[in-house]
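Each residue of the sequence shown is one higher than the one before, starting from 165 at the first, in the numbering used here.
The beta carbon of each residue, even a glycine, is placed where N, CA and C say it ideally should be.
Let me begin by presenting the structure, written as structure tokens, before commenting on it.
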Amino acid sequence: MTTDRLHIIEVAVPVHLDRTFHYRVPVALSAQALPGRRVFVPFGNRRMTAYVLTTLESSNTANLKEIIDVLDNDALWTDNELVFFRWVASYYLHPLGEVIKTALPSGINLQSRKTSGQGTETITGGRSVRYETFYRPGMLVDPPRTLGAKATEVLKLIRDEDSIPAAELRKRFGQCVAQLKRLVELGLVEQEQREVYRDPFREESGKRDVPQKLNRHQQSAFDTVRTALNRQIFAPFLLHGVTGSGKTEVYLQAIAHTLDQGKSALVLIPEISLTPQLVRRFRARFGGGIAILHSGLSDGERYDEWRRIRRGLARIVIGARSAIFAPLEKIGIIVVDEEHEASFKQAEGLRYNARDLALARGQLEQATVILGSATPLITSLYAVDQNKLALLSLPERVRGIPMPTVETVAMQGVKTTISPQLHQALEETLAHGGQAMIFLNRRGFATFLTCSECSSPLTCPNCSVTLTFHRSRGQSVCHYCDYAVPAPGTCPTCGCLELLELGAGTERVEHDLRELLPQARILRMDSDTTSGKGSHDRILSRMIDGTADILIGTQMITKGHDFPDVTLVGVINGEASLNMPDFRSAERTFQMLSQVFGRAGRGDTPGKVLLQTLNPSHYAIQCAIAHDNVGFYKQELDFRREVGYPPFTFLVGLGFSGTAEQAVEQRAGSTVRLLIDLKRELSLRVEILGPAPAPLYRLRGRFRRQILFKSPSRNDLRRLITAWLARRATTSTVREVIDIDPVDMM
Ligand code: ADP
Ligand code: ZN
């Protein structure tokens with residue numbers, strides 16, 4: 165490099181500006197400021213972390229600022245990953261720097277910055293790595309006769325294990341420092357410091373298992389996937405298999421084949437803490453080499469897992485939605501289990517859907533992608549019709565177990581939460597030694613309290629929702645902002661002392677069941693009973709080991725658990741989710757009910773479901789009862805076509821929120837006028853709806869309005885939003901969020 169040609173870098177900055185920036189690199193740093201690393205830069209009147217995209221040389225450095233420091237010794241992302249980040253940024257119309265920030269583990273971010281000495285800055289990037297002491301056999305083979313009994317035992321274990329952490333030795337032998345010191349001095353044992361990675365599931369590695377012999381349908385699905393894997397090109401599949409049809413076994417064998425090819429596997433699941441069984445099955449099949457990424461990890465644990473993956477120490481990554489950004493190389497297969505789940509959608513910041521990104525990343529990596537579900541998205545089934553996804557179908561449960569029978573209990577005029585029919589069925593089930601699950605998608609005791617004098621319901625002062633009565637906490641609580649008042653309390657409107665309880669929650673069901681069945685062992689699983697670490701697992705293991713009879717819960721209990729002794733499932737308020745203000749409410753109801761029904765009779769005794777509902781004739785409910793996926797798909801597709809919703813149109817949501825109601829209203833209003841002008845100017849086929857109050861008009865003290873765009877052309881939508889982004893006035897106190905393909909409209 166000649167002296168007049170200077171080192172310049174292009175960086176992305178995690179701010180809401182849709183462009184990159186250039187900086188000069190001082191000579192002392194020029195060997196380090198390379199693509200894939202983070203640098204510390206002056207930005208406006210701040211200093212911040214930026215991501216190096218490219219390096220260039222130029223003699224023209226006029227007006228360029230200098231970087232302050234380089235934060236990494238190695239690249240944090242590969243060229244391939246940068247292509248993916250750029251794709252994400254462009255698809256979601258989101259700044260690249262913010263995408264990279266989202267993709268990196270939060271533990272890696274700049275944590276502290278101290279000024280030391282003469283204005284030089286010391287930067288501590290990320291957290292420090294943890295080391296652990298290990299012992300392994302030394303060079304000397306023959307122990308002296310004088311070696312004591314305990315030291316001999318310690319030595320034997322170290323030799324058997326080949327390498328063992330000090331903590332493990334302490335666990336087995338108690339205090340053994342003196343013995344270890346002697347063994348090291350004698351050269352019988354060596355000590356080493358090893359970088360360790362915290363693994364939240366490590367203690368669970370236990371029993372190994374072997375591949376099952378596949379049944380006819382599984383075999384045919386697997387053969388198709390294997391052929392695709394062998395071709396090593398992008399091959400997207402929808403694996404549609406009823407609950408308990410052996411989808412997981414197909415994933416496991418497909419992944420084994422991928423590993424044999426020298427490639428790696430990415431598995432996305434809705435929520436790991438709810439599905440410890442699944443993680444255990446992967447461990448049992450593949451042993452180590454699995455990394456787990458999910459939202460329950462501490463920053464440190466997450467960063468550890470991330471580093472293991474980056475270094476190629478894990479070839480299988482299992483994780484919740486953010487795992488789609490895992491730094492995994494040579495991806496051969498991406499599995500998205502329960503692809504219909506709404507939790508694949510990130511609702512804040514970069515609003516991505518990991519299910520959609522699985523297809524995008526799979527395409528970039530030329531990988532096989534399997535979207536699996538017993539109740540696929542309407543849009544996925546439609547993609548099969550359009551030949552965009554290839555269908556793999558598992559129409560029967562393994563071992564020929566029949567689907568459960570479903571009976572409805574009409575609840576008109578029934579005053580109790582548990583109908584006499586359900587009460588009787590529970591008694592019979594328990595008398596035969598079976599287990600039952602009761603599903604109600606609402607936690608708390610009563611949905612809300614209302615005044616017996618003036619009929620005003622108790623509402624949250626920050627959000628437009630009613631407060632849920634939690635009897636055991638003695639409070640009425642807002643489920644959105646956690647605002648709470650003592651309960652039952654008095655009516656805030658008229659001061660009346662008598663408040664009525666309306667609508668039942670899981671706490672109420674538990675209370676009533678304990679009265680009806682005093683001898684039954686009852687558990688409740690909802691977000692009130694599972695806040696502690698490991699609490700899900702404790703509840704689930706009590707169902708598995710048979711020390712509980714009835715599990716009551718919200719949708720948490722519908723997730724992939726396999727309880728072979730559950731023969732009865734009761735559903736309270738089966739139609740509740742039909743009343744949600746969302747065009748997907750029928751789809752959601754059908755999926756949720758089908759999943760709940762699927763929990764019954766997974767063992768050898770056939771299952772039975774009792775569905776308590778006020779609205780048994782709705783097609784979502786009727787089709788779920790009949791296990792009629794095809795019928796539901798047809799009727800729902802007719803409805804979508806009629807009202808012009810996906811898959812027949814593309815949607816984009818634009819949300820406005822702020823603490824000043826009028827400012828939000830004005831901003832939303834002027835935006836709509838600008839959008840209508842732009843639409844005419846560019847003659848785009850876009851329907852602009854709103855601005856309307858968001859379904860939750862007030863949330864955590866903010867007023868919320870939304871505009872919805874509908875168009876048969878994704879490209880027209882993009883052009884309109886891009887034009888608006890370029891033209892909008894940027895100074896506003898109102899926060900604006902773009903939501904491409906909104907799953908929940910805000
Ligand atoms: P799904 O993922 O479709 O709900 P699973 O893969 O969990 O189904 O399978 C349900 C149960 O059947 C599991 O206990 C699994 O071990 C078992 N199973 C799966 N495939 C087979 C097979 N081919 N033969 C025997 N048992 C199987
Ligand atoms: Zn609130």
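To the nearest angstrom, how far is the alpha carbon of residue i from that of residue j?
| i | j | result |
| --- | --- | --- |
| residue 237 | residue 296 | 23 Å |
| residue 598 | residue 352 | 57 Å |
| residue 186 | residue 172 | 7 Å |
| residue 772 | residue 726 | 16 Å |
| residue 707 | residue 439 | 14 Å |
| residue 248 | residue 848 | 28 Å |
| residue 290 | residue 200 | Residue placement at residue 290 is flagged as unreliable, the pLDDT there being 37, under the threshold of 50; a coordinate-derived value is accordingly withheld. |
| residue 653 | residue 645 | 20 Å |
| residue 324 | residue 309 | 20 Å |
| residue 358 | residue 602 | 48 Å |
| residue 509 | residue 800 | 22 Å |
| residue 972 | residue 571 | Any answer about residue 972 is impossible in this case: the structure gives the chain only from 165 up to 910. |
| residue 876 | residue 883 | 13 Å |
| residue 824 | residue 463 | 35 Å |
| residue 311 | residue 327 | 20 Å |
| residue 682 | residue 672 | 15 Å |
| residue 894 | residue 191 | 37 Å |
| residue 902 | residue 511 | 11 Å |
Here's the rule I'm using: 16 or more other beta-carbon atoms within 10 Å means buried, otherwise exposed. How should residue i be labelled?
| i | result |
| --- | --- |
| residue 563 | exposed |
| residue 180 | exposed |
| residue 640 | buried |
| residue 303 | exposed |
| residue 234 | buried |
| residue 891 | exposed |
| residue 382 | buried |
| residue 900 | buried |
| residue 735 | buried |
| residue 843 | buried |
| residue 275 | Note on residue 275: pLDDT 38, under 50, position unreliable in the model; the coordinate value appears next. Exposed is the call here. |
| residue 691 | exposed |
Less than 7 Å separating the Cβ of residue i from some heavy atom of ligand 2?
| i | result |
| --- | --- |
| residue 647 | yes |
| residue 644 | yes |
| residue 394 | no |
| residue 658 | no |
| residue 618 | no |
| residue 626 | yes |
Ligand 1 and residue i: does the residue's C-beta get closer than 7 Å to at least one heavy atom of that ligand?
| i | result |
| --- | --- |
| residue 563 | yes |
| residue 520 | no |
| residue 718 | no |
| residue 371 | no |
| residue 726 | yes |
| residue 412 | yes |
| residue 405 | yes |
| residue 545 | no |
| residue 377 | yes |
| residue 588 | no |
| residue 409 | yes |
| residue 755 | no |
| residue 382 | yes |
Does residue i come within less than 8 Å of chain C when only Cβ atoms are used?
| i | result |
| --- | --- |
| residue 595 | In the structure shown, chain C does not exist; there is a single protein chain. |
How do the region 514-523 and the region 249-258 stand: do at least 3 beta-carbon pairs fall below 8 Å, yes or no?
-> A contact exists between the region 514-523 and the region 249-258.
Can you confirm whether the region 674-687 touches the region 707-727 when touching is taken to mean that 3 or more C-beta pairs between the two stretches lie within less than 8 Å?
As far as the Cβ criterion goes, the region 707-727 touches the region 674-687, which means the pair count is three or higher.
For this session: Could you tell me whether the region 434-443 touches the region 479-486, using the rule of 3 or more Cβ pairs below 8 Å?
Result: A contact exists between the region 434-443 and the region 479-486.
Q) Is the number of C-beta pairs between the region 527-534 and the region 497-506 that are closer than 8 Å three or more? A) When Cβ pairs closer than 8 Å are counted between the two stretches, the region 527-534 is seen to touch the region 497-506, the count reaching three or more.
At least three beta-carbon pairs within less than 8 Å, the region 735-754 to the region 778-789 = Flag = yes, the region 735-754 and the region 778-789 touch.
At least 3 beta-carbon pairs within less than 8 Å: the region 786-796 vs the region 755-763
With a cut-off of 8 Å, the region 755-763 and the region 786-796 count as touching, because enough Cβ pairs lie within range.
For the pair the region 400-418 and the region 541-561, tell me if three or more CB-CB distances fall below 8 Å.
Taking 8 Å as the limit for Cβ pairs, the verdict is that the region 541-561 does touch the region 400-418.
Checklist line | contact_flag[the region 763-771, the region 805-816] where n(CB pairs < 8 Å) is 3 or more | finding: With a cut-off of 8 Å, the region 805-816 and the region 763-771 do not count as touching, because too few Cβ pairs lie within range.
| task | Count the C-beta pairs between the region 311-329 and the region 337-353 that are closer than 8 Å, then say yes if the count reaches three, no if not. | result | Under the three-pair Cβ rule at 8 Å, the region 311-329 counts as touching the region 337-353.
Any 3 or more C-beta pairs closer than 8 Å across the region 861-871 and the region 631-639: Per the Cβ contact rule, the region 861-871 is not in contact with the region 631-639 (fewer than 3 Cβ pairs under 8 Å).
Is it true that the region 571-585 meets the region 654-666, where meeting means three or more beta-carbon pairs spaced less than 8 Å apart?
Taking a cut-off of 8 Å on C-beta distances, the region 571-585 does not touch the region 654-666, as fewer than three cross pairs fall below it.
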